[in-house]
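Numbering (the working numbering), first residue to last: 471 to 591.
Note that beta-carbon positions come from the ideal geometry of N, C-alpha and C, so glycine has one too.
Source: prediction; values computed, not measured.
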């Protein structure tokens, strides 16, 4: 192997070997130097000094996920409408496509409203 190509290949192999060796050294240092004193406080889910108030895995109500999904959808809609606004001026086909997009989102909002997702109980 001679020439610049061979030196490039050898450089890549050497850099890869050095990266793997560095990772192995870091893992070995962690295994040798880290303290291993499990106490009841360390085994708690949160180490904030306060006793837990309930179970750490509480069920999440699906209503909040629906509200979060609506928030993401309408944030994306606002960003897209600001990006498309300069193209709409003087272009009827772009205005029609944007109108269809907004109409579909309005139908989704009406459906969510009818299902009661937006009402706070």
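- A straight line joining the alpha-carbon of residue 573 with that of residue 566 spans about 10 Å.
- The straight-line gap separating the alpha-carbon atoms of residue 500 and residue 523 is approximately 33 Å.
- Assignment of residue 478 by DSSP, reduced to helix, strand and coil, places it in the helix class.
- Looking only at 492, 477, 491 and 582, the smallest Cα-Cα distance to residue 539 is reached by 582.
- If you draw a straight line from the Cα of residue 514 to the Cα of residue 589, it comes to about 37 Å.
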